[in-house]
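For reference, the structure discussed in these notes is given below.
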Amino acid sequence: MARARPERPLERLVVKVGEGWVPLRLDTVWRLSSEDKYVRLHTAQGEHLVRQTLRALEERLDPARFVRVHRGDVVNLDAVARLEPWTHGDGILVLKDGTTVILSRTYREAFLQQWGAAE
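Numbering (the working numbering), first residue to last: 384 to 502.
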């Protein structure tokens, strides 16, 4: 059974930078990638690793801003520059920083609805 989303989505995470900890606003995060029991946060200023599962973090994100695109990736819709077709119904998302992420056909319909695209 899926957990209900919190009434107020998560706005920031505290991440380790050097020897200290700093708040990171989630609206600056372009992509979240699963790495075992960790999540790598990709931002214009660099990457941060947080000890949390992607599923647990996704449940606390704003669903109007973040959408799962692959079993191991969630993207910020504002970071997507374009969608290119690939194979077997999958696609390639090109983010505004030039990086690419696979859009799995499993998540394609939900992504397109959230992104505001017509199929």
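Ideal Cβ positions, reconstructed from N, Cα and C, are used throughout, including at glycine.
Just so it is clear, the structure is predicted and the values come from calculations on it, not from any experiment.
For residue i, the first and last residue of its enclosing beta strand (DSSP E)
{"i": "leucine 432", "result": "429-433"}
{"i": "arginine 395", "result": "395-400"}
{"i": "threonine 483", "result": "483-486"}
Residue-level contact to chain B via CB, residue i, 9 Å cutoff
{"i": "valine 397", "result": "Of the protein chains in this structure there is only one, and it is not chain B."}
Local conformation of residue i per DSSP, three classes
{"i": "leucine 478", "result": "strand"}
{"i": "threonine 470", "result": "coil"}
{"i": "alanine 447", "result": "coil"}
{"i": "threonine 436", "result": "coil"}
{"i": "aspartate 456", "result": "strand"}
{"i": "glutamate 441", "result": "helix"}
{"i": "glutamate 418", "result": "strand"}
{"i": "arginine 465", "result": "strand"}
{"i": "arginine 408", "result": "strand"}
Residue i versus the options, residue with shortest Cα-Cα distance
{"i": "glutamine 420", "options": "Leu486, Gly455, Leu393 and Ser487", "result": "According to the sequence provided, residue 420 is lysine. The question's glutamine does not apply to it. Comparing Cα-Cα distances from lysine 420 to each of Leu486, Gly455, Leu393 and Ser487, the minimum goes to Gly455."}
{"i": "alanine 462", "options": "Lys399, Leu444, Asp410 and Glu418", "result": "Asp410"}
{"i": "leucine 486", "options": "Gly499, His471, Arg434 and Lys479", "result": "His471"}
Limits of the unbroken alpha helix (DSSP H) element including residue i
{"i": "threonine 426", "result": "Per DSSP, threonine 426 belongs to no alpha helix (DSSP H); it is in the beta strand (DSSP E), 421-426."}
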